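Chemist:
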Amino acid sequence: RAKAAGRNRYRFFEPEMAFATRERMALETSLRPALARGEFELHYQPRIDLRSMQMVGMEALIRWNHPGRGLVSPAQFIPIAEETGLIAPIGRWVLHEACMQTMRLMTEFKREIRVSVNVSARQLAHATFVGEVRQTLQESGIPPHCLELELTESALIADIERTALMLRELHELGVKLAVDDFGTGYSGLAYLRSFPIDVLKLDRSFVLQDDERISAFDFVKAFVDMAHALKLAVVAEGVETDDVVEFLRAADCDEAQGYHFARPLPLAALRERLSAG
Ligand code: C2E
Ligand code: MG
Ligand code: MG
Ligand code: MG
Numbered sequence: 523r524a525k526a527a528g529r530n531r532y533r534f535f536e537p538e539m540a541f542a543t544r545e546r547m548a549l550e551t552s553l554r555p556a557l558a559r560g561e562f563e564l565h566y567q568p569r570i571d572l573r574s575m576q577m578v579g580m581e582a583l584i585r586w587n588h589p590g591r592g593l594v595s596p597a598q599f600i601p602i603a604e605e606t607g608l609i610a611p612i613g614r615w616v617l618h619e620a621c622m623q624t625m626r627l628m629t630e631f632k633r634e635i636r637v638s639v640n641v642s643a644r645q646l647a648h649a650t651f652v653g654e655v656r657q658t659l660q661e662s663g664i665p666p667h668c669l670e671l672e673l674t675e676s677a678l679i680a681d682i683e684r685t686a687l688m689l690r691e692l693h694e695l696g697v698k699l700a701v702d703d704f705g706t707g708y709s710g711l712a713y714l715r716s717f718p719i720d721v722l723k724l725d726r727s728f729v730l731q732d733d734e735r736i737s738a739f740d741f742v743k744a745f746v747d748m749a750h751a752l753k754l755a756v757v758a759e760g761v762e763t764d765d766v767v768e769f770l771r772a773a774d775c776d777e778a779q780g781y782h783f784a785r786p787l788p789l790a791a792l793r794e795r796l797s798a799g
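Structure representation (structure tokens):
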């Protein structure tokens with residue numbers, strides 16, 4: 523009977539799976555020429571220092587203006603870009619564009635602005651990656667400490683020895699290294715000893731569950747203390763309410779980003795925000 527049910531389920535899902543596959547192939551086909559056609563753009567989400575409450579940096583987030591579909595989420599196309607290898611040229615473009623635009627903003631607003639760039643596992647696996655970063659620093663003129671690379675836990679632990687070597691080279695260039703979506707993986711903390719990491723970005727899910735506020739507070743506070751003892755700064759992601767801001771300040775968290783402060787902004791809106799102070 524279970525077998526029969528299984529078969530029914532299979533039949534039931536088959537057309538949907540075929541649809542998903544076709545969708546994916548269609549996206550993949552239009553992703554290939556997207557870079558050359560100038561369909562990508564970067565939005566920037568402000569990052570706020572929780573002590574001064576000033577904007578101190580921003581995260582560059584890629585956006586794809588698909589000619590037929592409108593905006594396609596990176597959550598949808600980045601995985602395809604990774605599987606097809608398209609992430610290499612796309613990632614190079616993101617790094618270059620983010621550094622050039624940030625440097626222009628720094629000149630325009632006569633202040634220091636830090637920019638964070640997401641780097642996927644596939645990019646990090648490329649032997650040429652450190653060279654690309656070095657070249658981008660030179661071409662853009664951005665001070666190295668103003669560039670932060672966001673890496674995920676899974677990318678870091680894929681090949682610990684090789685990654686450790688590479689991160690040391692990157693760190694010697696003076697760029698900052700952050701672990702993104704921290705708390706969603708299951709890798710433990712041991713790897714933090716092997717890598718010159720500067721920043722932990724606490725995943726949104728880690729930060730606060732509404733009905734578990736008290737235990738969450740002790741948990742986050744203990745976590746922040748530990749991170750500080752290891753000389754790591756802590757940035758909270760996905761902060762949506764004033765309550766959470768107070769919670770994070772009380773927990774001694776360093777910085778935050780989220781809809782409460784600002785959504786990821788197109789360049790023009792970011793300029794307005796910087797003009798406002
Ligand atoms: P991420 O790096 O963890 O980026 C944070 C995501 O959370 C962004 O989604 C951002 O818009 C969203 N977010 C920010 N504040 C809030 C909030 O208060 N509430 C909620 N619910 N969400 C918030 P986005 O822009 O759709 O990007 C999704 C993911 O795609 C990113 O997660 C990152 O992993 C990847 N990604 C984006 N741009 C790039 C890129 O240039 N290169 C690579 N390799 N990956 C990228
Ligand atoms: Mg990120
Ligand atoms: Mg994140
Ligand atoms: Mg996240």
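Quick note on numbering: UniProt numbering labels position 220 of the sequence shown as 742, and the sequence is numbered without any gaps.
We put the beta carbon where it would ideally sit given N, CA and C, even for glycine.
On a predicted model such as this, the values are computed, not experimentally measured, just so you know.
Could you check whether V721 and A755 sit closer than 8 Å to each other, using their CB atoms as the reference points?
Modeler: Cβ atoms of A755 and V721: closer than 8 Å.
Chemist: To the nearest angstrom, report how far apart S797 and E683 are at their CA atoms.
Modeler: Rounded to the nearest angstrom, the two C-alpha atoms are 44 Å apart.
Chemist: Is the beta carbon of D720 within less than 7 Å of some heavy atom of ligand 2?
Modeler: False, no ligand heavy atom lies under 7 Å from that Cβ.
Chemist: Roughly how many angstroms separate the alpha carbons of A790 and M622, rounded to a whole number?
Modeler: So the two alpha carbons sit approximately 15 Å from each other.
Chemist: If you follow the alpha helix (DSSP H) that L557 is in, where does it begin and where does it stop?
Modeler: Where L557 is concerned, there is no enclosing alpha helix (DSSP H), given that its DSSP letter is neither H nor E.
Chemist: Please work out which residues of its chain come closer than 6 Å, Cβ to Cβ, to D571, disregarding the five sequence neighbours upstream and downstream, and give them in chain order.
Modeler: Taken in chain order, the residues that qualify are V578, E777.
Chemist: Measure how close the beta-carbons of residue 519 and L608 come, nearest whole angstrom, since I'm counting them as under 8 Å.
Modeler: Residue 519 lies beyond the stretch modelled for the chain, which goes from 523 to 799, so this question has no answer here.
Chemist: With which residues is F704 paired in a DSSP beta bridge?
Modeler: For F704, which the question treats as bridged, DSSP gives the partners L724.
Chemist: Within its chain, find whatever has a CB closer than 8 Å to the CB of L724; leave out the 5 residues flanking it on each side and keep chain order.
Modeler: Closer than 8 Å at Cβ, skipping near neighbours: F704, G705, V742, F745, V756, V757, A758, E759, C775.
Chemist: Helix, strand or coil for Q657 per DSSP?
Modeler: Here Q657 sits in helix by DSSP.
Chemist: Just to be sure I understand the criterion: a residue counts if its Cβ is closer than 7 Å to at least one heavy atom of ligand 3. Which residues meet that?
Modeler: Having a Cβ closer than 7 Å to some heavy atom of ligand 3 are E672, D702, D703, K723, D725, E759.
Chemist: Do L692 and V652 have their CB atoms nearer than 8 Å?
Modeler: Cβ atoms of L692 and V652: closer than 8 Å.
Chemist: Can you name the start and end residues of the beta strand (DSSP E) that residue 495 belongs to?
Modeler: Absent from the model: residue 495. The displayed extent of the chain is 523 to 799, so no value can be given.
Chemist: What would DSSP say about V616, mapped onto helix, strand or coil?
Modeler: If DSSP states are grouped into helix, strand and coil, V616 belongs with the helices.
Chemist: DSSP three-state call for S595: helix, strand or coil?
Modeler: Note: S595 maps to coil in three-state DSSP.
Chemist: With burial defined as no fewer than 16 other Cβ atoms inside 10 Å of the residue's Cβ, what is the status of A556: buried or exposed?
Modeler: Buried, since its Cβ has 16 or more Cβ neighbours within 10 Å.
Chemist: Buried or exposed for R523, going by 16 or more other Cβ atoms inside 10 Å?
Modeler: Because the pLDDT at R523 is just 44, under 50, the model does not fix this residue reliably, and the value given afterwards should be weighed accordingly. Under this definition R523 is an exposed residue.
Chemist: Output needed for H588: all residues of its chain with C-beta closer than 6 Å, excluding positions within five of it in sequence on either side, in chain order.
Modeler: V594.
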